[in-house]
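Asks: Here the protein sequences line up with chains X and U, keeping their order.
When the letters of the first sequence are read in order and numbered with the numbering used here, they come out as residues 203 to 585.
When the letters of the second sequence are read in order and numbered with the numbering used here, they come out as residues 203 to 585.
There are 2 protein chains.
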Amino acid sequence: MTSALTPFQSNHFDTTPQSVHIELGARSYDIRIGHGIWADPQTWQGLPKAAMALIVTNDTVGPLYEAQLRDAIQSHYPRVETVVLPDGEAHKDWQHLQLIFDALLTHHADRKTVLFALGGGVVGDMAGFAAATYMRGVPFVQVPTTLLAQVDSSVGGKTGVNHPAGKNMIGAFYQPSRVICDLSVFETLPDREYAAGLAEVLKYGPIADVAFLDWLEANVLGLQQRDPGVLVQAVRRSCEIKAWVVAQDEREGGLRAILNFGHTFGHAIEAGMGYGEWLHGEGVAAGMVMASELSVRLGLLPAEQAARFKSLLQSVGLPVIGPRLPTSGDTQQAQVYLDLMRVDKKAEAGEIRFVVWRDQQVAGVQTASDELVADVIHACLSH
Amino acid sequence: MTSALTPFQSNHFDTTPQSVHIELGARSYDIRIGHGIWADPQTWQGLPKAAMALIVTNDTVGPLYEAQLRDAIQSHYPRVETVVLPDGEAHKDWQHLQLIFDALLTHHADRKTVLFALGGGVVGDMAGFAAATYMRGVPFVQVPTTLLAQVDSSVGGKTGVNHPAGKNMIGAFYQPSRVICDLSVFETLPDREYAAGLAEVLKYGPIADVAFLDWLEANVLGLQQRDPGVLVQAVRRSCEIKAWVVAQDEREGGLRAILNFGHTFGHAIEAGMGYGEWLHGEGVAAGMVMASELSVRLGLLPAEQAARFKSLLQSVGLPVIGPRLPTSGDTQQAQVYLDLMRVDKKAEAGEIRFVVWRDQQVAGVQTASDELVADVIHACLSH
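Right, dumping it as structure tokens:
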């Protein structure tokens, strides 16, 4: 580890806009966080100049916010065009990525054209991958409209699409020019999506910051009620932790793996149920319960800590029990989970690597026997 | 310009294997050049380790060399799999890229799997783009089997596929782990492909090295007869010049543009005739004649120099007269060319940028009036 994470500082009731810097040399960028910051011209200052901007959004978010974003950026770009994708993880595929390329080509986009990703993680991943690969790379700006995207997917440069054989199988590491997190978008965010986003916020506790986890637990009411003062702190701290991890490991060679706490199990749930049935954050929540249980059984974590975390997840409306996955014939549930985890990107030569919670320390990555993992899965499944 | 190009040194009759280093920090790599070097175990030492290697080739090159490459690498990888694409630029598209992803997923490739691109530029670009985007990046090795790929496309990290609206519209900058140029493959290379490769070799003269151009002119017989002693020098020097350019401008922000000498016109020819009708090197050859003519008319180059270069291109069997492009209705030829050039990746906000040959200097990039360019095109077309 090359640098220590700065300690968590919370300022209750302080709703001033915040900025978090991601240090990646020539690819460094800022995350701007605040309530109503789209309306502040400063938010858009200093972005790459171009003859055209293309807003990439979806048919849920577009009607709510496209006009607002267009108003905010149109003084910076002579021409602003928009492409609208169908909403949902089920459409995060090459066929729909083509819609972005087609829009770029139809509007004669050049190598300077700036893409604005207006939406959740799916829009961000797809617009980011289009930006990474159109003419071998054009600039893009993340304008995340979900909590999940603000604290996780829009930060760190992961872009891509799904393949029938696996999630995010095709993609690139490609950094945005800026991430703009306006918390006012949460006013239109459905409860289920909001809770799914909180799963990723809560994740930052186990992986790196027990003090933050304690603070979240103490402010659970503010989280439930979407209190702007609590959210600005929660989003800012989440981004700080992610920035700290990403700055040390841009391309996921080491430390970055800890961001996948709960995700190995979670991806198996998402894939096993069929993409879109369980939201990513929901799979991660149930997956984090499994990862915590594994950590307890490996002797890395007191059982009480795992139980406290599980009830915090539950109190913000997240699932904490894994679903039984559709299976053909007599295959055992644990086997279905294990088979799905073995084709996960994070597996190496068929060996599954788990992120484990280590009490009072930064999380670690290790393998575990199929027997132990099967026991953990059975203990965390609905019966 | 941060560093000067080292002067050209030729050692006639010296066929010892050569190595050219591409300095790109953590993404640095070597190009190994020599006759019969596949058979030398040293050639394959030090490549990334993995449980599996995937050879990507096509149905022309595969039957000739796949077994030989497999023999060479199988002691390094427990498992070697192969995917065979249909040969030709016409298949350089997303649909065929999927064949590589499908092979990777079918064989349970992980993040360490090494791709070997065995073939010409199309295979290299596609395998490279698959490597750049499979699980957001796995290592790959270029094993170019055409002269064009050895001196140009396999060096520098450009990868991608075509889109119906333009060549290489979708792609990424992604560096290989090594480039292995075995000159013995030229024994099976058709005359037309060999000549097309020489177009890119000859290009390095105008853009950066008049001494090299003089040497090529003096050794035109050796080039025509595929003399190994001449070729090892020609390939090595071509790679040195490309390495010098790429090291200073990995992502094509400035100097790298000079590598596109003749390519703006050439891409218009390729696209206008329909991909595959004219080989890339053939379009570039006729395009370089146009770019030279433009340089003369801009007062940057003596007419005799342009004439000498044109006859050198001709003497190695390359086309030096542009084709009349298929057109609907009354559209003038020059207009057809201009329209095609305006959608080229190198155009910015509809403005076409031309690489020009500057006598005794490194090439430059500039715009020119449509009238002047139209005159140049008319002067260089078949009538």
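C-beta atoms are modelled at their ideal positions from N, C-alpha and C, and glycine is treated no differently.
Quick caveat: nothing in here was measured; it's all calculated off a predicted structure.
#1: Where DSSP assigns a beta bridge to residue 588 of chain X, which residues make up the other side?
#2: Answer yes or no: does any C-beta atom of chain U fall closer than 8 angstroms to that of residue 307 of chain X?
#3: Residues of chain X with a CB under 8 angstroms from the CB of residue 576 of chain U: which are they?
#4: Would you call the segment 360 to 372 of chain X and the segment 261 to 268 of chain X in contact, with 3 or more CB pairs under 8 angstroms?
#5: Could you pull out every residue in the same chain whose Cβ sits closer than 7 angstroms to the Cβ of residue 645 of chain U, ignoring the five residues on either side in sequence?
#6: According to DSSP, what are the bridge partners of residue 383 of chain X?
#7: Does residue 572 of chain X pass the burial test, meaning 16 or more other C-beta atoms within 10 Å, or should it be called exposed?
#8: Whole angstroms is fine: what's the gap from residue 367 of chain U's alpha carbon to residue 485 of chain U's?
#9: Can you tell which of U:205, U:481 and U:242 has the C-alpha that lies nearest to the C-alpha of residue 323 of chain U?
#10: I want to know whether the segment 315 to 322 of chain U touches the segment 244 to 256 of chain U - three or more CB-CB distances under 8 angstroms.
#11: Going along the segment 382 to 408 of chain X in order, which residues come within less than 8 angstroms of chain U, judged by CB to CB distance?
#12: What's the C-alpha gap between residue 342 of chain X and residue 356 of chain X?
#13: Kindly list the residues whose CB is nearer than 7 angstroms to the CB of residue 407 of chain X, restricted to its own chain and excluding five residues on each side of it in sequence; keep chain order.
#14: On the three-state DSSP scale, how would you describe residue 400 of chain X?
#15: On a Cα-Cα basis, can you pick out the residue from X:277, X:275, X:327 and X:309 that is closest to residue 298 of chain X?
#16: Measuring CB atoms only, is the segment 331 to 349 of chain X touching the segment 376 to 384 of chain X, in the sense that at least three cross pairs come out at less than 8 angstroms?
#17: Taking just the CA atoms, how far does residue 288 of chain X sit from residue 378 of chain X?
#18: Does the beta-carbon distance from residue 433 of chain U to residue 447 of chain U come in below 8 angstroms?
#19: With a 10 Å radius around its C-beta and 16 neighbouring C-beta atoms as the bar for buried, classify residue 517 of chain X as buried or exposed.
#20: So, does the CB of residue 475 of chain X fall closer than 8 angstroms to a CB anywhere in chain U?
#21: Which of helix, strand or coil does DSSP assign to residue 336 of chain X?
#22: Between which residues of its own chain and residue 268 of chain X is the CB-CB distance below 7 angstroms, once the five residues before and five after are set aside?
#23: Could you pull the start and end residues of the beta strand (DSSP E) that residue 369 of chain U belongs to?
#24: By Cβ distance below 6 angstroms, which residues in the same chain neighbour residue 436 of chain X in space, the five residues on each side in sequence not counted?
#25: Would you say residue 526 of chain X faces chain U, with C-beta separation under 8 angstroms as the test?
#26: May I have the straight-line CA-CA distance separating residue 589 of chain U from residue 454 of chain U, to the nearest angstrom?
#27: Is there contact between the segment 209 to 226 of chain U and the segment 509 to 516 of chain X, where contact requires at least three CB pairs shorter than 8 angstroms?
#28: Taking only beta-carbon positions, decide if residue 371 of chain X is within less than 8 angstroms of chain U.
#29: Answer yes or no: does any C-beta atom of chain U fall closer than 8 angstroms to that of residue 453 of chain X?
#30: Out of U:239, U:295 and U:584, which one is the CA nearest neighbour of residue 271 of chain U?
#31: If we count the other Cβ atoms within 10 Å of its Cβ and call it buried at 16 or more, is residue 423 of chain U buried or exposed?
#32: Looking only at DSSP bridge pairs, what is residue 524 of chain U linked to?
#33: Output yes if chain U places a C-beta closer than 8 angstroms to the C-beta of residue 434 of chain X; else output no.
#34: Establish whether the CB of residue 375 of chain U and some CB of chain X are separated by less than 8 angstroms.
#35: Helix, strand or coil, according to DSSP, for residue 317 of chain X in the structure here?
#36: Given that a residue counts as buried once 16 or more other Cβ atoms are within 10 Å of its Cβ, and exposed if not, what is residue 521 of chain U?
Replies: Judging by the given coordinates:
#1: Past the edges of chain X, shown from 203 to 585, lies residue 588 of chain X, and the structure says nothing about it.
#2: For the purposes of this step, residue 307 of chain X is identified with residue 105 of the first sequence, where counting begins at 1. True, the Cβ-Cβ gap to chain U drops below 8 angstroms.
#3: Residue mapping note: residue 576 of chain U aligns to position 374 of the second sequence, counting from 1. Neighbours of residue 576 of chain U on chain X: none; closest Cβ ~21 angstroms, over 8 angstroms.
#4: no
#5: There is simply no residue 645 of chain U to check, as chain U begins at 203 and stops at 585 in what is shown.
#6: As a working note, residue 383 of chain X is residue 181 in the first sequence. According to DSSP, residue 383 of chain X bridges with X:235.
#7: Residue mapping note: residue 572 of chain X aligns to position 370 of the first sequence, counting from 1. Label assigned to residue 572 of chain X: exposed.
#8: Position 165 of the second sequence, counted from the first residue, corresponds to residue 367 of chain U. Position 283 of the second sequence, counted from the first residue, corresponds to residue 485 of chain U. Taking the straight line from one Cα to the other gives about 18 angstroms.
#9: Against the second sequence, residue 323 of chain U aligns to sequence position 121. Comparing Cα positions, the closest option is U:481.
#10: yes
#11: none
#12: Looking up residue 342 of chain X in the first sequence gives position 140. Looking up residue 356 of chain X in the first sequence gives position 154. Whole-angstrom Cα-Cα distance: 11 angstroms.
#13: Residue 407 of chain X sits at position 205 when you count from the first residue of the first sequence. Once the five neighbours on either side are set aside, the close Cβ partners of residue 407 of chain X are 414, 415 and 418.
#14: Counting from one through the first sequence, the residue named residue 400 of chain X turns up at place 198. In this structure, residue 400 of chain X counts as helix in the three-state DSSP scheme.
#15: In the first sequence, the residue the question calls residue 298 of chain X occupies position 96. Residue 298 of chain X has its Cα closest to that of X:327, out of X:277, X:275, X:327 and X:309.
#16: yes
#17: Here residue 378 of chain X corresponds to residue number 176 of the first sequence, with the count starting at 1. Here residue 288 of chain X corresponds to residue number 86 of the first sequence, with the count starting at 1. If I take the Cα positions, the gap works out to 23 angstroms.
#18: Here the question's residue 433 of chain U lines up with position 231 in the second sequence. Here the question's residue 447 of chain U lines up with position 245 in the second sequence. Contact flag unset, no.
#19: In the first sequence, the residue the question calls residue 517 of chain X occupies position 315. It counts as exposed.
#20: Taking the first residue of the first sequence as position 1, residue 475 of chain X is located at position 273. Cβ-Cβ to chain U under 8 angstroms: no for residue 475 of chain X.
#21: Along the first sequence, one-based indexing puts residue 336 of chain X at 134. The answer is strand: DSSP assigns residue 336 of chain X an E or B state.
#22: As a first step, residue 268 of chain X is located in the first sequence; it is residue number 66 there, counting from the start. Only 257, 259, 284 and 320 meet the Cβ criterion.
#23: On the second sequence, residue 369 of chain U is found 167 positions in, with the first residue counted as 1. Note, residue 369 of chain U: beta strand (DSSP E), 368 to 375.
#24: As a position in the first sequence, residue 436 of chain X is number 234, starting the count at 1. These residues qualify, in order along the chain: 403.
#25: Locating residue 526 of chain X in the first sequence gives position 324, where the first residue counts as 1. Not closer than 8 angstroms to any Cβ of chain U, the Cβ of residue 526 of chain X fails to qualify, so no.
#26: This structure gives no information on residue 589 of chain U, because the portion of chain U shown stretches from 203 to 585.
#27: no
#28: As a first step, residue 371 of chain X must be located in the first sequence, where it is residue number 169. Closer than 8 angstroms to some Cβ of chain U, the Cβ of residue 371 of chain X qualifies, so yes.
#29: Numbered from its first residue, the first sequence carries residue 453 of chain X at position 251. Yes, residue 453 of chain X lies at the interface with chain U (some Cβ there is under 8 angstroms from its Cβ).
#30: Taking the first residue of the second sequence as 1, we reach residue 271 of chain U at position 69. Comparing Cα-Cα distances from residue 271 of chain U to each of U:239, U:295 and U:584, the minimum goes to U:239.
#31: Counting from 1 along the second sequence, the entry for residue 423 of chain U is found at position 221. So residue 423 of chain U ends up on the exposed side.
#32: The residue you call residue 524 of chain U lines up with position 322 of the second sequence. U:583, per the DSSP bridge assignment.
#33: Residue numbering aside, residue 434 of chain X sits at position 232 when the first sequence is read from its first letter. Residue 434 of chain X does not count as touching chain U.
#34: For the purposes of this step, residue 375 of chain U is taken as residue 173 along the second sequence, with counting starting at 1. Taking Cβ atoms only, chain X reaches closer than 8 angstroms to residue 375 of chain U, which makes this a yes.
#35: Stepping through the first sequence from its first residue, residue 317 of chain X is reached at position 115. It is a strand residue.
#36: Taking the first residue of the second sequence as position 1, residue 521 of chain U is located at position 319. Result: buried.
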